[in-house]
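Right, one structure below, let's go through it.
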């Protein structure tokens, strides 16, 4: 009987953990945008780019995208995968790829 109770408790805890992971994933929205690089800061791991309104915007770069910063320069056309908050504001850049027209 103790084993059954432990199994039920473990299943309950696992379902709570999985539920929290699903909520975090659902809250994080991403979208791709093709834009122009204004500047990169390797030390701070940030990229400044032209946003949808044509204004300069700086965002932190995360994960594997940090390696891409080393190859970018001002004026490059890139496709950024941006992580957004609930309001749709850019919170970070998780992927960077040269736009098709800039690939050589």
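In the numbering used here, the protein residues as written are 11 to 114.
Each residue gets a CB set at the ideal place from its N, CA and C atoms; glycine is no exception.
Between the CA atoms of residue j and residue i - distance to the nearest angstrom
i	j	result
residue 42	residue 66	17 Å
residue 59	residue 102	12 Å
residue 36	residue 99	Low per-residue confidence applies at residue 36: pLDDT is 44, beneath 50, and the placement is therefore not dependable, though the value from the model is reported in the following sentence. Approximately 16 Å, taken between the alpha carbons.
residue 53	residue 13	53 Å
residue 83	residue 96	31 Å
residue 75	residue 15	45 Å
residue 78	residue 64	23 Å
residue 51	residue 105	16 Å
residue 44	residue 11	60 Å
residue 39	residue 92	8 Å
residue 107	residue 81	10 Å
Residue i - DSSP class collapsed to helix/strand/coil
i	result
residue 53	coil
residue 105	strand
residue 74	coil
residue 87	strand
residue 63	coil
residue 97	coil
residue 110	helix
Which residues DSSP lists as bridging residue i, in chain order
i	result
residue 15	Paired residue(s): none; residue 15 is not in a bridge.
residue 69	57
residue 80	None; residue 80 has no bridge partner.
residue 47	59
Among the options, nearest to residue i - alpha-carbon criterion
i	options	result
residue 90	64, 47, 13 and 15	47
residue 61	83, 78, 77 and 88	88
residue 85	104, 92, 72 and 109	109
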